[in-house]
Amino acid sequence: MQSALSRLKQELTDRPFTGRTYELLQFMVNQSLARLDDTNTQPLTFEAVALQSACASSTEREMLPKDWMPKRPVLEATLTRVQHALPLPHLQFGYAKGGGRGNPSLYWLELAAAPASFAPGTTSESAPSVEYRRSAQGTVKPSLLIRWLMRDGQIRNRSPRGLTLLIGVLIGTLMWGLSLAAVLLALGLTHQPLTSSSLVILLVSLAGSWVGWKQLYEPWFRLLDERVVKAPYWVPAILEDPCELEIFRHDKERWIRLVRYVADCPLCGGTVELMPGKPDQCLPLVGRCLESPHIHVFTFDRTSLQGTYLGPALPAPKLASTLDEESPD
Numbered sequence: 013m014q015s016a017l018s019r020l021k022q023e024l025t026d027r028p029f030t031g032r033t034y035e036l037l038q039f040m041v042n043q044s045l046a047r048l049d050d051t052n053t054q055p056l057t058f059e060a061v062a063l064q065s066a067c068a069s070s071t072e073r074e075m076l077p078k079d080w081m082p083k084r085p086v087l088e089a090t091l092t093r094v095q096h097a098l099p100l101p102h103l104q105f106g107y108a109k110g111g112g113r114g115n116p117s118l119y120w121l122e123l124a125a126a127p128a129s130f131a132p133g134t135t136s137e138s139a140p141s142v143e144y145r146r147s148a149q150g151t152v153k154p155s156l157l158i159r160w161l162m163r164d165g166q167i168r169n170r171s172p173r174g175l176t177l178l179i180g181v182l183i184g185t186l187m188w189g190l191s192l193a194a195v196l197l198a199l200g201l202t203h204q205p206l207t208s209s210s211l212v213i214l215l216v217s218l219a220g221s222w223v224g225w226k227q228l229y230e231p232w233f234r235l236l237d238e239r240v241v242k243a244p245y246w247v248p249a250i251l252e253d254p255c256e257l258e259i260f261r262h263d264k265e266r267w268i269r270l271v272r273y274v275a276d277c278p279l280c281g282g283t284v285e286l287m288p289g290k291p292d293q294c295l296p297l298v299g300r301c302l303e304s305p306h307i308h309v310f311t312f313d314r315t316s317l318q319g320t321y322l323g324p325a326l327p328a329p330k331l332a333s334t335l336d337e338e339s340p341d
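According to my numbering, the sequence shown holds residues 13 to 341 in order.
Written out as structure tokens, the structure reads:
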């Protein structure tokens, strides 16, 4: 047990992974090694609240421990990935379901049994899926440029602040179009031959207009149709991770808020974040694992907070050889 834990700790140190499941696994390994000795060979058990307190971020600590704790298939996928190149014996997650107040669910690391061989004709598991988590209200902080409008990270569309935002977007779009038209018109009406300076002005104007449209105005128009879009870089605070803009209905009113959707990858245990679907997907937003963003790809359904696998076909489970495979008949 101690040698397996030591190998796992060394692997986590030599090949640092990202994601809360890896942080949770690192914590369990360190604590188990610290408590394990010749006189105490029993595995150390952990409650969800203790794991959350040690590994969760400040905003995630507001969640219920059972909601924060990754699903067991995600934990098992994480452990399998880390131990893939390690010699046997491997470790596995132990789990004991709780039963009400005062009897919480317990998690621990234990030695895994020898891998069983797959019987011929067995089929692989169904396509993996993810379960997204939506950040709580006010968790994602807006930048100073827009904080006076979205004080708590959201804004009611028909409020004075909401109308100010709407009018500002419309006026800004109009000014953007007029400025681009003015530059093109000025270059078109000039009677001088096309020079390198004129070409530079044209290219800079087109590039600046494209960036301005993509970052300042297009997301707000797409939000009306897609309901969830990636927030422009200037909307969230500087220290905030990438987040989304979402329009929703509450108390017969429409609201716009800053929100962040994340999930745990069932294939490797990494963090799944919403990213643009293009160029490999036709959907506007998909969930991409930070460890393998072009292979571990999932759909995103904001109503059910569920996603199904979109990536290439997964390899079938390898058939394990039996112990007597090489023995003579």
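Glycine is no exception: its CB is placed at the ideal position from the N, C-alpha and C atoms.
- prompt: Nearest to E303 by alpha carbon, out of G224, M13, S117, A275?
  reply: Of G224, M13, S117, A275, the residue nearest in Cα terms is A275.
query: Bridge partners of L178, per DSSP?
result: Partner residues in a beta bridge of L178, as assigned by DSSP, do not exist.
- prompt: Which residue comes first and which comes last in the alpha helix (DSSP H) that contains F312?
  reply: Looking at the DSSP string, F312 is not in any alpha helix (DSSP H), and its letter there is neither H nor E.
- prompt: Unbroken alpha helix (DSSP H) runs of length 4 or more, entirely within the stretch 21-100: which are they?
  reply: Restricting attention to alpha helix (DSSP H) runs no shorter than 4 residues, the stretch 21-100 encloses them at 32-47, 60-67, 77-80, 84-94, ordered along the chain.
Segment contact, 8 Å Cβ cut-off, at least three pairs: the stretch 106-116 with the stretch 239-246: Short answer: they don't touch.
query: DSSP state of V247, grouped into three classes?
result: Of the three classes helix, strand and coil, the one that applies to V247 here is coil, per DSSP.
query: Among the residues of its own chain, which have a CB less than 8 Å from the CB of R47, if the five just before and after it don't count?
result: Within the same chain, Cβ atoms closer than 8 Å to the Cβ of R47 are found at L56, the five residues on either side in sequence being excluded.
message: So, at 7 Å on beta carbons, what are the nonlocal neighbours of R314 in its own chain, with the 5 sequence-adjacent residues on each side left out?
response: Shown here for R314: same chain residues with a beta carbon closer than 7 Å to its own, the five before and five after excluded, namely R239, V240 in chain order.
message: What does the alpha-carbon distance come out to for the pair Y119 and T33?
response: About 13 Å.
- request: Would you list the residues sitting across from R261 in a DSSP beta bridge?
  value: For R261, which the question treats as bridged, DSSP gives the partners R266.
field: Limits of the alpha helix (DSSP H) - the one that S141 falls within
entry: Element bounds for S141: not the alpha helix (DSSP H) but the beta strand (DSSP E), 141-143.
field: Exposure label - C280; buried when at least 16 CB within 10 Å
entry: With 16 or more Cβ atoms within 10 Å of its Cβ, C280 is classed as buried.
task: State the DSSP-derived secondary structure class of A198, mapped to helix, strand or coil.
output: If DSSP states are grouped into helix, strand and coil, A198 belongs with the helices.
query: Span of the beta strand (DSSP E) holding A275?
result: 273-276 is the span of the beta strand (DSSP E), which, as asked, contains A275.
task: With P231 as the anchor, note down where its alpha helix (DSSP H) starts and where it stops.
output: Note, P231: alpha helix (DSSP H), 230-238.
message: Judging by CA-CA distance, which residue of E59, E74, V94, M75 is the nearest neighbour of Q38?
response: With distances taken between Cα atoms, Q38 lies closest to V94.
task: Grab me the residues of C80's own chain with a C-beta within less than 7 Å of its C-beta, minus the 5 sequence neighbours each way, in chain order.
output: A small correction: the amino acid at residue 80 is Trp; Cys does not occupy that position in the sequence shown. Cβ within range, chain order: Q64, A68, E72.
query: Apart from the five residues on each side of it in sequence, which residues of its chain come closer than 7 Å, Cβ to Cβ, to L177?
result: Contacts found: L161, I167.
- request: Report the rounded CA-to-CA distance for A60 versus G224, giving the unit in angstroms.
  value: Our two residues, A60 and G224, have alpha carbons roughly 46 Å apart in a direct line.
Residue of P85, L251, P278, W188 minimising C-alpha distance to S221: Distance from the Cα of S221 is smallest, within the candidate group P85, L251, P278, W188, for W188.
task: Assess, as a yes-or-no matter, whether the stretch 148-165 is touched by the stretch 318-327 under the definition of 3 or more beta carbon pairs within less than 8 Å.
output: The count of Cβ pairs closer than 8 Å, one atom from the stretch 318-327 and one from the stretch 148-165, stays below three, leaving the stretches out of contact.
task: Using 10 angstroms around the beta-carbon of C294, count the other beta-carbons present and answer buried if the total reaches 16, otherwise exposed.
output: With fewer than 16 other Cβ atoms from the protein chains shown falling within 10 Å of its own Cβ, C294 counts as exposed.
message: For I167, list the residues DSSP reports as bridge partners.
response: In the DSSP output, where bridge partners are listed per residue, I167 has I268.
query: For A139, which residues from the same chain have a beta carbon less than 7 Å from its beta carbon, with the 5 sequence-adjacent residues on both sides left out?
result: Once the five neighbours on either side are set aside, the close Cβ partners of A139 are T320, Y321.
- request: List the residues that DSSP assigns as beta-bridge partners of R146.
  value: Its beta-bridge partners are Y273.
task: Grab the span of the beta strand (DSSP E) containing G224 for me, first residue to last.
output: Where G224 is concerned, there is no enclosing beta strand (DSSP E), although the alpha helix (DSSP H) it sits in stretches over 208-224.
Residues that P254 bridges to, as DSSP identifies them: P254 is not bridged to any residue.
- request: Leaving out five residues on either side along the sequence, give the residues of the same chain with a beta carbon under 8 Å from the beta carbon of L199.
  value: Sequence-distant partners of L199 (beyond 5 residues in either direction) whose C-beta falls short of 8 Å from its own C-beta, in its chain, are S210, I213, L214.
message: With H, G and I counted as helix, E and B as strand and the rest as coil, what does DSSP make of W120?
response: In this structure, W120 counts as strand in the three-state DSSP scheme.
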